[in-house]
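First up is the structure itself, then whatever we jot down about it.
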Amino acid sequence: MSAAPVLALLAAALFAGAAAYITLVEHPARLGLADGPMLAQWQPSYRRALPIQAGLAILGGVLGLVAFHQRGDWTWLAGSLVLLANWPFTLLAIMPTNKRLLATPLQDAGAESRALLLRWGRLHNVRTLLGSLAALLFVGGLIGW
Numbered sequence: 002m003s004a005a006p007v008l009a010l011l012a013a014a015l016f017a018g019a020a021a022y023i024t025l026v027e028h029p030a031r032l033g034l035a036d037g038p039m040l041a042q043w044q045p046s047y048r049r050a051l052p053i054q055a056g057l058a059i060l061g062g063v064l065g066l067v068a069f070h071q072r073g074d075w076t077w078l079a080g081s082l083v084l085l086a087n088w089p090f091t092l093l094a095i096m097p098t099n100k101r102l103l104a105t106p107l108q109d110a111g112a113e114s115r116a117l118l119l120r121w122g123r124l125h126n127v128r129t130l131l132g133s134l135a136a137l138l139f140v141g142g143l144i145g146w
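Structure (structure tokens):
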């Protein structure tokens with residue numbers, strides 16, 4: 002058996018796990034902070050998470066496409082498309098919010114930055130769902146659904 006299917010699942014599971022951690026733990030804890038510290042925590046956290054999650058989405062998506070090419074099973078194609086969908090979703094739906102949050106000086110944090118972070122959290126939930134669905138589809142591909 003080729004390593005591509007297992008590595009695709011690993012990348013998707015790591016992406017889903019990281020996204021779920023942010024959704025279920027980090028972001029709710031962040032929202033408990035005052036406006037300034039909340040923004041001060043989000044900005045470096047986002048910068049650090051971006052290359053990890055973007056890389057895992059690409060790696061898992063490409064490896065899933067390799068697995069689809071090798072096996073011809075639709076679950077690998079579907080999982081790859083779902084995982085790669087994080088890119089256009091992030092660029093089109095989340096990036097405008099990210100840019101506004103990154104451009105906000107910490108001394109200007111307030112009701113507007115809090116509202117943006119609440120919006121960001123709702124949008125990030127979609128990324129968690131996409132990653133989880135991709136991992137589930139890859140599991141299906143491995144067990145032969």
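The numbers in this note's numbering rise by one with no breaks, and the one at position 66 of the sequence shown is 67.
The beta carbon of each residue, even a glycine, is placed where N, CA and C say it ideally should be.
Buried versus exposed call for residue i [16 or more other C-beta atoms within 10 Å across all chains shown]
i	result
W146	exposed
H70	exposed
A104	exposed
R31	buried
M96	exposed
DSSP state of residue i mapped onto helix, strand, coil
i	result
S46	helix
S133	helix
L32	helix
T105	coil
S3	coil
W121	helix
A94	helix
Rounded C-alpha distance that separates residue i from residue j
i	j	result
P52	I144	30 Å
W75	L134	14 Å
L78	D109	45 Å
Rounded Cβ spacing between residue i and residue j (contact assumed at less than 8 Å)
i	j	result
L102	W88	With 8 Å as the limit, L102 and W88 do not qualify as a contact, their Cβ atoms being about 19 Å apart.
L84	A58	6 Å
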